[in-house]
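**Student:** Following the working numbering, the numbering of the first sequence begins with 2 at its first residue and continues without gaps.
Quick one: the structure is below, questions incoming.
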Amino acid sequence: MLDSQLFRQDLNALAEKLAAKGFQLPIERLSNLETERKSCQTKTQQLQSDRNNRSKAIGKAKASGQDISEIMASVADLGEQLKQSEERLEEIQRELQSILLTVPNLPHESVPIGKSEENNREERRWGTPKQFDFTPKDHVDLANQKGLDFETAAKITGARFVVMKGNMAKLHRALIQFMLDLHSKEHGYTEIYVPYMVNAESLLGTGQLPKFEADLFSIPQQGLYLIPTAEVPVTNILRDEIVNLEELPLKFVCHTPCFRSEAGAYGKDTRGMIRQHQFEKVELVQFVTPDRSYQALEELTHHAETILQRLDLPYRTMSLCSGDLGFSAAKTYDLEVWLPGQQKYREISSCSNFEAFQARRMKARFRKAQGEKPELLHTLNGSGLAVGRTLVAILENYQQSDGKIAIPSVLQPYLNGLQVLE
RNA sequence: GGAGAGAUGGCAGAGCGGUUUAAUGCGGCGGUCUUGAAAACCGUUGUGGGCUUGUACCCCACCGGGGGUUCGAAUCCCUCUCUCUCCGCCA
Numbered sequence: 002m003l004d005s006q007l008f009r010q011d012l013n014a015l016a017e018k019l020a021a022k023g024f025q026l027p028i029e030r031l032s033n034l035e036t037e038r039k040s041c042q043t044k045t046q047q048l049q050s051d052r053n054n055r056s057k058a059i060g061k062a063k064a065s066g067q068d069i070s071e072i073m074a075s076v077a078d079l080g081e082q083l084k085q086s087e088e089r090l091e092e093i094q095r096e097l098q099s100i101l102l103t104v105p106n107l108p109h110e111s112v113p114i115g116k117s118e119e120n121n122r123e124e125r126r127w128g129t130p131k132q133f134d135f136t137p138k139d140h141v142d143l144a145n146q147k148g149l150d151f152e153t154a155a156k157i158t159g160a161r162f163v164v165m166k167g168n169m170a171k172l173h174r175a176l177i178q179f180m181l182d183l184h185s186k187e188h189g190y191t192e193i194y195v196p197y198m199v200n201a202e203s204l205l206g207t208g209q210l211p212k213f214e215a216d217l218f219s220i221p222q223q224g225l226y227l228i229p230t231a232e233v234p235v236t237n238i239l240r241d242e243i244v245n246l247e248e249l250p251l252k253f254v255c256h257t258p259c260f261r262s263e264a265g266a267y268g269k270d271t272r273g274m275i276r277q278h279q280f281e282k283v284e285l286v287q288f289v290t291p292d293r294s295y296q297a298l299e300e301l302t303h304h305a306e307t308i309l310q311r312l313d314l315p316y317r318t319m320s321l322c323s324g325d326l327g328f329s330a331a332k333t334y335d336l337e338v339w340l341p342g343q344q345k346y347r348e349i350s351s352c353s354n355f356e357a358f359q360a361r362r363m364k365a366r367f368r369k370a371q372g373e374k375p376e377l378l379h380t381l382n383g384s385g386l387a388v389g390r391t392l393v394a395i396l397e398n399y400q401q402s403d404g405k406i407a408i409p410s411v412l413q414p415y416l417n418g419l420q421v422l423e
């Protein structure tokens, strides 16, 4: 959420900035609501003040045994007036709030302006796509005899799920372990375990609600949702909290399954495990002071890149343009890994700085020193990495002419020294 | 699943319809004293919002969440959530 003060100033300037993100600000409606809010709030508070004073007077008069009928009469009409005023104010504020909750974050000044992913800016490339002396297969063709089983998953659940068996399942697990270990041992993240179901407040805090309910799996009976990313439970750890400056930065690494309905992606990536309803992800989350959040974004992105480098997977780093930025993000780097089966770079990580956007929704704050006013934190997160897609990248990049798949050396210790997946 | 108890400021803990917009203690911060520190003493110490060019002042809201009764609610009523104790069940 943006600072509500912004909506009381130059709405046209604000609207212009939001237009870069493809959002149309309802200027007239906002300015009308804001005008009415101001007069209604002032009036309501005046009435409340009146009521408080008269009620106190009644209390005192009663205690000293005086006649209170006169004061009681003077207060008679106040009640109804106050009630109406309070109800109207509440209505206005609810409306304002419901608009504010659907306004996306503003892009950072360093973000390229553009409409779609074609306008994303390539920041750097790492590694060279391997030249195969045969036609590389995609992961589905490669793995259907090696333990990736979409048909069984379709039977027991439905489309966009997978069953993994034997060494394929172990390789998948090894990736998770490798990523968690690297980030916690070398990058200073604290490993954390969280619930895979969250309440609506948490989703509101990180920005998935109220706008993107259709993308979620929900459990209406209990009023819970399956998490679409660990970002939701982990970031909400600091909801309604005030932390001390000395505790910052807070850095968490967390492995969870992620559940996404993929509504609106019906035709996309139907083959294989690029786009599943359930997938594993290792997520990096940071809470930092506002002055160093952009430095933290560079660091966090580098932490995610390190995984790809250690696995020797070629990738490129893209800076998303304004129109391609997510709802809550001020700036995002996507990491795209090379997939020989598709002859394309495909997203495998997304690293974002949300500035105070999520923190304001969550009331996640820090205090510089005893007695100082609390300030909003900046929150960041990034995949480090999406595990399913990393598995795909390994299968496709490490395939051999004999159809077997070499195991990256950094993973072998996690697989009892296994060198080849047959 | 059954029975009961509870949720108050950073923490502990009183208040159970007005005279307190929450007593007291601990902790934090500032000061006095001291070569310095401790102790003692004095003062101060929640969050959000409104008004305001900004500050100060002033005002409003907040005693787990929501709703109600009342001129007036931390206090009474309803409801939800969470915590604890006992019983049952259980990985």
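Cβ coordinates follow ideal geometry from the N, Cα and C atoms, glycine included.
Here the structure is a predicted model, which is why all the values come from computation and not from measurement.
Report the rounded CA-to-CA distance for Asp335 versus Asn54, giving the unit in angstroms.
**Tutor:** 59 angstroms
**Student:** Please name the residue or residues paired with Ala387 in a DSSP beta bridge.
**Tutor:** Lys282
**Student:** What whole-angstrom Cβ distance do Ala394 and Val338 have, given they're in contact under 8 angstroms?
**Tutor:** 5 angstroms
**Student:** Does the distance from the C-beta atom of Val104 to that of Leu26 stay below 8 angstroms?
**Tutor:** yes
**Student:** Between the Cα of Thr302 and those of Thr236, Arg317, Gln310 and Gly383, spot the shortest distance and give me the residue it belongs to.
**Tutor:** Gly383
**Student:** Just to confirm, are Leu143 and Met165 a CB contact at a threshold of 8 angstroms?
**Tutor:** Not in contact: Leu143 and Met165 (Cβ atoms no closer than 8 angstroms).
**Student:** Run the CB neighbour count on Phe135, radius 10 Å, all protein chains shown included, and call it buried at 16 or more, exposed below.
**Tutor:** exposed
**Student:** I'd like the ranges of any alpha helix (DSSP H) spanning at least 4 consecutive residues and lying wholly in the stretch 348-418.
**Tutor:** 358-363 and 388-398
**Student:** For Glu284 and Thr318, which I take to be in contact (beta-carbon distance under 8 angstroms), what is that distance rounded to the nearest angstrom?
**Tutor:** In fact, because the Cβ distance is near 18 angstroms, the residues do not count as touching under 8 angstroms.
**Student:** Please name the residue in Leu176, Ser5, Arg362 and Asp51 whose C-alpha comes closest to that of Thr236.
**Tutor:** Cα-wise, what sits closest to Thr236 is Arg362.
**Student:** How about Thr207 and Val244: do their beta carbons lie closer than 8 angstroms?
**Tutor:** no
**Student:** Locate the alpha helix (DSSP H) running through Pro234, then write down its first and last residues.
**Tutor:** Glu232 to Thr236
**Student:** Taking 8 angstroms as the cut-off, decide whether the C-beta atoms of Phe260 and Leu227 are in contact.
**Tutor:** yes
**Student:** If I measure Cβ to Cβ from His173 and keep anything under 7 angstroms in the same chain, skipping five residues before and after, which residues do I get?
**Tutor:** Met165, Val388 and Leu392
**Student:** Could you check which residue in Ile177, Glu110 and Leu377 has the C-alpha nearest to that of Pro291?
**Tutor:** Checked all of Ile177, Glu110 and Leu377; the closest Cα to Pro291 is Leu377.
**Student:** Determine the DSSP secondary structure at Cys438, reduced to helix, strand or coil.
**Tutor:** Absent from the model: residue 438. The displayed extent of the chain is 2 to 423, so no value can be given.
**Student:** Identify the continuous alpha helix (DSSP H) that holds Glu242 and give its terminal residues.
**Tutor:** That residue, Glu242, is in no alpha helix (DSSP H); its beta strand (DSSP E) goes Glu242 to Asn245.
**Student:** By a C-beta neighbour count over all protein chains shown, 10 Å radius and 16 as the cutoff for buried, is Leu309 buried or exposed?
**Tutor:** That one is buried.
**Student:** Mind checking Glu373: buried by the 16 CB within 10 Å criterion, or exposed?
**Tutor:** exposed
**Student:** CA-CA distance, Gln146 and Phe8?
**Tutor:** 58 angstroms
**Student:** I'd like the list of long-range same chain contacts for His109, defined as Cβ closer than 8 angstroms, with 5 residues on each side in sequence excluded.
**Tutor:** Tyr295, Ala331, Lys332, Asn354 and Glu356
**Student:** According to DSSP, is His109 helix, strand or coil?
**Tutor:** DSSP places His109 in coil when its eight states are reduced to three.
**Student:** Are the Cβ atoms of Asp270 and Ser117 separated by less than 8 angstroms?
**Tutor:** In this structure, Asp270 keeps its C-beta atom at 8 angstroms or more from the C-beta atom of Ser117.
**Student:** Please name the residue in Ser329, Asp403, Asn398 and Tyr346 whose C-alpha comes closest to that of Leu107.
**Tutor:** It is Ser329 whose Cα lies nearest to the Cα of Leu107.
**Student:** Using a Cβ-Cβ cutoff of less than 8 angstroms, which residues in the same chain neighbour Ile28 once the five nearest sequence positions on both sides are dropped?
**Tutor:** Leu12, Asn13 and Ala16
**Student:** List the endpoints of the continuous beta strand (DSSP E) containing Val338.
**Tutor:** Counting along the chain, Val338 sits inside the beta strand (DSSP E) bounded by residues Lys332 to Leu340.
**Student:** Going by other Cβ atoms of all chains shown within 10 Å of its Cβ, with 16 needed for buried, is Ala160 buried or exposed?
**Tutor:** exposed
**Student:** Quick check on DSSP: helix, strand or coil for Glu32?
**Tutor:** The identity of residue 32 in the sequence shown is Ser, whereas the question assumes Glu. In this structure, DSSP gives Ser32 a helical state, which the three-state scheme calls helix.
**Student:** Assuming Leu298 contacts Cys255 under a Cβ cut-off of 8 angstroms, what Cβ separation, rounded to an integer in Å, is found between them?
**Tutor:** No, Leu298 and Cys255 are not in contact; Cβ-Cβ is about 18 angstroms, not under 8 angstroms.
**Student:** Taking just the CA atoms, how far does Glu423 sit from Ala365?
**Tutor:** 49 angstroms
**Student:** Sort Glu81, Glu187 and Glu96 by Cα distance to Glu300 and report the nearest one.
**Tutor:** Glu187
**Student:** Could you check what DSSP says for Val76 in three-state terms: helix, strand or coil?
**Tutor:** In the three-state reduction of the DSSP assignment, Val76 falls in the helix class, which pools H, G and I.
**Student:** Taking its Cβ as the centre, do 16 or more other Cβ atoms sit within 10 Å of Arg347, making it buried, or is it exposed?
**Tutor:** Arg347 is buried by the Cβ-count criterion.
**Student:** Cα-Cα, which of Ala74, Phe24, Ala20 and Arg38 is closest to Ser5?
**Tutor:** Arg38
**Student:** For a quick check, are the C-beta atoms of Ala264 and Ala215 less than 8 angstroms apart?
**Tutor:** yes
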